[in-house]
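Visitor: In this note's numbering, the protein residues as written are 3 to 439. Ideal placement from N, C-alpha and C gives every residue a C-beta, glycine not left out. This is the structure, below, for whatever I ask next.
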Amino acid sequence: MIHLWCINKSHDYLGMEIQEIKSKLTLAVVLNYYHLKPDKNLRLNCPFHKDKTPSLQLYYKTHTCFCFSSNCKTHGKAMDVIDFIMYKESCTKHEAIMKAKEMIGGGTSKPMKELSKTVILTKIFTYFKNGVHNSKPTKAYLESRCLDFTKTEVGYNSGQFHYKLSGGDGAIKEYVRCGLLLELGTNSRFGKPAYKPFGKHCIVFPLRNHKEEIVSLYFRSIHNDKKQRHFYLKGREGLYPKYPTTATKKLILTESIIDAASLIEQAKIKSQYEILSLYGTNGLTEEHQKAIKKIKDLEEIIFFLNGDTPGIKAVEKYAPMLKGMLPDTKITSVEVPEGEDVNSLLQSHSAEILSHLIETRKEYDFLFSSEKSNEKEKVEIPQKQEEKIKEKPITKGLDTSNPYNLKYSSNIASYQIKGFRISQPDSLKITLQITAQ
Ligand SMILES: [Zn+2]
């Protein structure tokens, strides 16, 4: 009799625990833990039977999945996160619960700090991704930047996550530790601790480690606040979009994450080049260097930085550094029209201009640049970068100093005709921009 009572009690306890785990552990986190990536239709090649076509359907709303194959040992039964772990580990339910706790961040068998940060950021990024669908201003902003959220993994932070996501006080502590929430002392009206969400009203991009796990986030304000537009979580690490594969032959470096995303969306470019974002003109970090060094037979590094003085100076600083690191690798640079960058070109021209500029890139001239000053700049990355406001001197009359951007200024308005050199003379694409004075 006593024995029976014990079993019942532990059963109830377990039931509560399962509910708590389910409220904290998303299916996306479990999949990420096992390095499983669903396709566009949220399907996977089922890991529980020999599966040539993706038969496992995922349901992110309910955090369950279902295998449609009749050859599957799970067949006919929907799986929740704990069932999934149980099948994946071939273990008992109790062991699966322990493993689930570890994924949430309470376990001890893995280095806790790294695991839980990845888990938290993966969970919150999934939440941010859903936020794009519900926000009209975000969709409009992405459209204005020529970014397609069905192609690019991007989220939106409305600043409500700490109210909307479950997890209680424990989760709040985790958000504070990861830098997602900033402590603001105590709320004077209720005497409770007050928090400010980091990167509110920003679009969000994930930064990944060498295992392609999310280890940090980059936020970009959708409002054009001139003071501050770019935010990285404290303790920035990881690369965007990910570490280049070791089989990479040609690697394009961009100045910003949005520039990298803009290039990756172009199927033709993506098929020919691996793309990696720097974190601004001072942002070729040690982590970038390590990742680049790991590529075995890297043939070429292509700088595709902004067409302005900081962009040009960054190439002058980093090209010799990379050449010293990889003497057999060709270093080239894309000639970017003055005042433009990858994303601005995409906004004002058809996408072909990007391929065209890449194809006409030039080998970096080390002889020419070594004649210039050899000032040693600190390769240090500010945590928060501020976009510099480009100030262009206005030349009255016709300015032909940049053949791809003809300018004419009068007292009433200024006109810019932006075009680009094309190999076939049967078409010419130009953009006319008129700014009233
Ligand atoms: Zn299956």
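Taking its Cβ as the centre, do 16 or more other Cβ atoms sit within 10 Å of Leu300, making it buried, or is it exposed?
Guide: Taking the sequence shown and counting its residues from 1, the one referred to as residue 300 is at position 298. The residue is buried, with at least 16 neighbouring Cβ atoms inside 10 Å.
Visitor: If we ignore side chains and look at the alpha-carbon of each, how far apart do Val336 and Thr362 end up?
Guide: Numbered from 1 along the sequence shown, position 334 holds the residue referred to as residue 336. Numbered from 1 along the sequence shown, position 360 holds the residue referred to as residue 362. The straight-line gap from Cα to Cα measures roughly 7 angstroms.
Visitor: Leaving aside the five residues before and after Ile87 along the sequence, list all residues of the same chain whose C-beta is less than 7 angstroms from its C-beta, in chain order.
Guide: The residue labelled residue 87 in the question sits at position 85 within the sequence shown. Once the five neighbours on either side are set aside, the close Cβ partners of Ile87 are Val32, Ala98, Lys101, Ala102.
Visitor: Under the assumption that Arg191 contacts Gly240 (Cβ atoms under 8 angstroms), give the Cβ distance between them as a whole number of angstroms.
Guide: Here residue 191 is taken as the residue at index 189 of the sequence shown, counted from 1. Here residue 240 is taken as the residue at index 238 of the sequence shown, counted from 1. No, Arg191 and Gly240 are not in contact; Cβ-Cβ is about 39 angstroms, not under 8 angstroms.
Visitor: What are the complete beta strand (DSSP E) segments, minimum 3 residues, inside the region 91-163?
Guide: You should have 157-159.
Visitor: In this structure, does DSSP put Pro49 in helix, strand or coil?
Guide: Here residue 49 is taken as the residue at index 47 of the sequence shown, counted from 1. Pro49 falls in the coil class under three-state DSSP.
Visitor: Apart from the five residues on each side of it in sequence, which residues of its chain come closer than 6 angstroms, Cβ to Cβ, to Lys198?
Guide: Here residue 198 refers to the residue found at position 196 when the sequence shown is read from its first residue. Cβ neighbours of Lys198 beyond the five flanking positions: Leu184, Leu186.
Visitor: Starting from the C-beta of Lys364, find all residues in its chain whose C-beta is less than 7 angstroms away, skip the five residues before and the five after it, and write them out in chain order.
Guide: As a working note, residue 364 is residue 362 in the sequence shown. Cβ neighbours of Lys364 beyond the five flanking positions: Thr334, Ser335, Glu337.
Visitor: Within the present structure, is the beta-carbon of Thr66 separated from the nearest heavy atom of ligand 1 by less than 7 angstroms?
Guide: By 1-based counting over the sequence shown, the position of residue 66 is 64. No - ligand 1 has no heavy atom lying nearer than 7 angstroms to the Cβ of Thr66.
Visitor: Rounded to the nearest angstrom, what separates Tyr320 and Lys202 at their Cα positions?
Guide: Along the sequence shown, one-based indexing puts residue 320 at 318. Along the sequence shown, one-based indexing puts residue 202 at 200. Approximately 33 angstroms between the Cα atoms of the pair.
Visitor: What do you get for Gln385, buried or exposed, if any count of 16 or more other CB atoms within 10 angstroms of its CB means buried?
Guide: Locating residue 385 in the sequence shown gives position 383, counting from the first residue. The pLDDT assigned to Gln385 is 44, lower than 50, so where the model puts this residue is not dependable, and the model offers no usable value.
Visitor: Closer than 6 angstroms is what we want: which residues have a beta carbon that near any heavy atom of ligand 1? List them in chain order.
Guide: Here the list is Cys48, Phe50, His51, Asp53, Ser57, Leu58, Cys69, Ser71, Cys74, Thr76.
Visitor: According to DSSP, is Pro322 part of a helix, a strand, or is it coil?
Guide: Here residue 322 refers to the residue found at position 320 when the sequence shown is read from its first residue. Pro322: helix per DSSP, three-state reduction.
Visitor: Please return the same chain residues whose Cβ sits closer than 6 angstroms to the Cβ of Leu347, not counting the five positions on each side in sequence.
Guide: Taking the first residue of the sequence shown as 1, we reach residue 347 at position 345. Hits under 6 angstroms: Ile355.
Visitor: At 4 residues or longer, what runs of the alpha helix (DSSP H) sit wholly inside the region 270-317?
Guide: 288-295, all fully within the region 270-317.
Visitor: Measure the beta-carbon distance from Gly181 to Lys229 and round it to whole angstroms, keeping in mind my assumption that it falls under 8 angstroms.
Guide: Counted from its first residue, the sequence shown places residue 181 at position 179. Counted from its first residue, the sequence shown places residue 229 at position 227. Not a contact, Cβ separation roughly 20 angstroms.
Visitor: Going by CA-CA distance only, name the one from Thr188, Tyr143, Lys166, Thr250 that's closest to Cys204.
Guide: Reading the sequence shown from its first residue, position 202 is the one you call residue 204. With distances taken between Cα atoms, Cys204 lies closest to Tyr143.
Visitor: Tell me the DSSP secondary structure of His212 in three-state form.
Guide: For the purposes of this step, residue 212 is identified with residue 210 of the sequence shown, where counting begins at 1. Three-state DSSP puts His212 in coil, outside helix and strand.
Visitor: Pull up the DSSP beta-bridge partners for Ser350, would you.
Guide: Sequence index remark: in the sequence shown, residue 350 carries index 348 (1-based). According to DSSP, Ser350 bridges with nothing at all.
Visitor: Give every residue of the same chain whose Cβ lies closer than 6 angstroms to the Cβ of Lys244, excluding the five residues on either side of it in the sequence, and list them in chain order.
Guide: The sequence position of residue 244 within the sequence shown is 242, counting from 1. Cβ neighbours of Lys244 beyond the five flanking positions: Arg210, Glu214.
Visitor: Is Glu145 buried or exposed, if buried means 16 or more other CB atoms sit within 10 Å of its CB?
Guide: For the purposes of this step, residue 145 is taken as residue 143 along the sequence shown, with counting starting at 1. Exposed.
Visitor: For Tyr410, which three-state DSSP category applies?
Guide: Position 408 of the sequence shown, counting from 1, holds the residue named residue 410. In the structure shown, Tyr410 sits in a strand (DSSP, three-state: E or B).
Visitor: Please go through the same chain and pick out, in chain order, the residues whose beta-carbon is closer than 8 angstroms to the beta-carbon of Thr331, but skip the five residues on each side of it.
Guide: Start at 1 with the first residue of the sequence shown, and residue 331 comes out as number 329. Only Leu300, Glu301, Glu302, Ile303, Leu324, Lys325 meet the Cβ criterion.
Visitor: For the pair the region 46-54 and the region 132-140, tell me if three or more CB-CB distances fall below 8 angstroms.
Guide: No, the region 46-54 does not touch the region 132-140.
Visitor: Using the C-alpha atoms, what's the distance from Ser218 back to Phe163?
Guide: Stepping through the sequence shown from its first residue, residue 163 is reached at position 161. Stepping through the sequence shown from its first residue, residue 218 is reached at position 216. If you take the alpha carbons of Phe163 and Ser218, they lie about 17 angstroms apart.
Visitor: As a quick exercise: from Thr120, Gly157, His96, Ser403, pick the residue whose alpha carbon is nearest that of Met105.
Guide: Residue numbering aside, residue 105 sits at position 103 when the sequence shown is read from its first letter. Cα-wise, what sits closest to Met105 is Thr120.
Visitor: Helix, strand or coil for Lys166 per DSSP?
Guide: Mapped onto the sequence shown, residue 166 falls at position 164. It is helical.
Visitor: Quick check on DSSP: helix, strand or coil for Tyr177?
Guide: Translated into the one-based positions of the sequence shown, residue 177 becomes position 175. Helix, per DSSP.
Visitor: Could you check the C-alpha separation between Ile20 and Thr28 for me, to the nearest Å?
Guide: The residue given as residue 20 occupies position 18 in the sequence shown. The residue given as residue 28 occupies position 26 in the sequence shown. About 13 angstroms.
Visitor: Look at the alpha carbon of Ser279 and the alpha carbon of Glu257, and state the distance between them as a whole number of angstroms.
Guide: If you number the sequence shown from 1, residue 279 lands on position 277. If you number the sequence shown from 1, residue 257 lands on position 255. Taking the straight line joining both Cα atoms gives about 6 angstroms.
Visitor: For Gln59 and Ala269, I'd like the C-alpha separation in whole angstroms.
Guide: Stepping through the sequence shown from its first residue, residue 59 is reached at position 57. Stepping through the sequence shown from its first residue, residue 269 is reached at position 267. Roughly 27 angstroms between the two C-alpha positions.
Visitor: Taking C-alpha atoms, which residue in Phe200, Pro208, Leu359, Ile84 lies nearest to Lys125?
Guide: Locating residue 125 in the sequence shown gives position 123, counting from the first residue. The shortest C-alpha separation from Lys125 is found at Pro208.
Visitor: Which word fits Ser57, buried or exposed, when buried means at least 16 other C-beta atoms lie within 10 angstroms of its C-beta?
Guide: In the sequence shown, counting from the first residue as 1, residue 57 sits at position 55. So Ser57 ends up on the buried side.
Visitor: What's the C-alpha gap between Ala263 and Lys292?
Guide: What you label residue 263 is simply residue 261 of the sequence shown in a count that begins at 1. What you label residue 292 is simply residue 290 of the sequence shown in a count that begins at 1. Using only the alpha carbons, I get a separation of about 22 angstroms.
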